[in-house]
Amino acid sequence: MENLDRIDRKILQLLQRDCRITIKELSEKLHLTNTPVYERVKKLERSGIIKNYVAVLDPEQIDRNLVVFISISLTKHTRDVVEKFESEVLALPEVMEFYITSGNFDAMVKIMVKDMNAFQHFIQEKLSKFEYLTRFNSTFVISSSDKIGYDL
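Residue 130 in UniProt numbering is what sits at position 130 of the sequence shown, and the numbering runs on without skipping anything.
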């Protein structure tokens with residue numbers, strides 16, 4: 001992060017708001033010519049600062065209105081068990097994010113489902129079938145902001 005100057009930070013902010021912005025549009029907003037802006041974007045991609053470009057979907061439009069964070073305890077904490085659990089849980093279509101955590105729980109997943117019935121099905125038919133899972137705690141999202149991206 002120390003190597004990023006003001007222009008790099010502005011490029012990243014603009015790309016986070018709209019990753020489909022063209023080099024020409026970026027250049028106009030930055031008051032620079034196309035070539036240096038293009039080179040900076042490529043440098044940010046090569047360095048791994050820009051990992052991917054994604055589309056943010058409207059949960060209501062795809063029947064994923066219920067967002068739940070599930071804190072999970074595992075019986076074993078070996079690397080093999082944690083990595084296997086992570087890969088298998090991320091393969092479930094309801095799971096959007098996975099985190100290894102410290103404190104009272106070992107991991108946390110963010111899921112998005114249609115409604116409470118779909119949540120119940122997920123818990124009973126999918127999550128509870130993992131052999132190393134000992135307990136979990138669910139936190140339901142009531143509302144969320146639309147902020148996406150990092151302030152640089």
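Positions of the beta carbon are idealized from the N, C-alpha and C atoms, including for glycine.
Since the model is a prediction, treat every value here as computed from it, not as a measurement.
The closest CA to that of F140, considering only L92, S47, S71 and I100, is found on S71. Between V68 and I148 a beta carbon distance of about 20 Å is seen, past the 8 Å cut, so the two are scored as non-contacting. A direct Cα-Cα distance of roughly 40 Å separates P93 from T35. In this structure, F119 lies away from V109, with their beta-carbon atoms at least 9 Å apart.
If you look at T139, you'll find it in the beta strand (DSSP E) that goes L133 to F140. For L66, the enclosing beta strand (DSSP E) stretches over residues L66 to L74.
Per the DSSP secondary-structure output, M108 pairs in a beta bridge with S71 and Y99. Judged by DSSP secondary structure, Q124 falls within the alpha helix (DSSP H) whose first and last residues are M116 to E125.
For N137, same chain residues with a beta-carbon under 6 Å away, outside a window of 5 residues either side, are S71 in chain order. Take I11, set aside five residues on each side of it, and the residues of its chain with a beta-carbon closer than 8 Å to its own are L26, L30, V37, R40, V41 and L44, in chain order. As the crow flies, the alpha-carbon of V89 is around 29 Å from that of S47. Linking K126 to L133 through their CA atoms gives a straight-line distance of about 11 Å. Here D106 is buried, its C-beta having at least 16 other C-beta atoms within 10 Å. For D8, the uninterrupted alpha helix (DSSP H) run begins and ends at R6 to R17, by DSSP. V56 carries a coil assignment under DSSP once its states are collapsed to helix, strand and coil.
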